[in-house]
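Novice: 18 is the number that the UniProt record's numbering gives to position 18 of the sequence shown; each next residue is one higher, with no gaps. Each residue gets a CB set at the ideal place from its N, CA and C atoms; glycine is no exception. Got a structure for you, questions after.
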Amino acid sequence: YKRSRLPRNRRTVNRAYGGVLSGGAVRERIIRAFLVEEQKIVKKVLKIQKAKEKQATKA
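Here is the structure:
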């Protein structure tokens, strides 16, 4: 009842982005950021492996 009496701009929840985004939107952003970071790590590992392969073929 108390929340319904509050003005709309005061109805927030304790969540990332100040409660402006829905829970689903926040989840999407978190997952996207995580996957982007994972992709960066994978690229770095592949680059290192390729460099090791080149050194092994040269030696």
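Looking at R11 and R3, is the spacing between their C-beta atoms short of 7 Å?
Specialist: Yes, Cβ-Cβ distance for R3 and R11 is below 7 Å.
Novice: Suppose you measure from the CA of I48 to the CA of V36; what does that come to, to the nearest Å?
Specialist: Those two C-alpha atoms are separated by around 19 Å.
Novice: Return the first residue and the last residue of the alpha helix (DSSP H) that V13 is part of.
Specialist: Taken as a continuous stretch (DSSP letters only), V13 belongs to no alpha helix (DSSP H), as it is neither H nor E.
Novice: Classify L46 as helix, strand or coil using the three-state DSSP reduction.
Specialist: In this structure, L46 counts as helix in the three-state DSSP scheme.
Novice: Counting along the chain, where does the alpha helix (DSSP H) carrying S4 start and finish?
Specialist: It spans K2 to R5 - the alpha helix (DSSP H) in which S4 sits, taken as one unbroken run.
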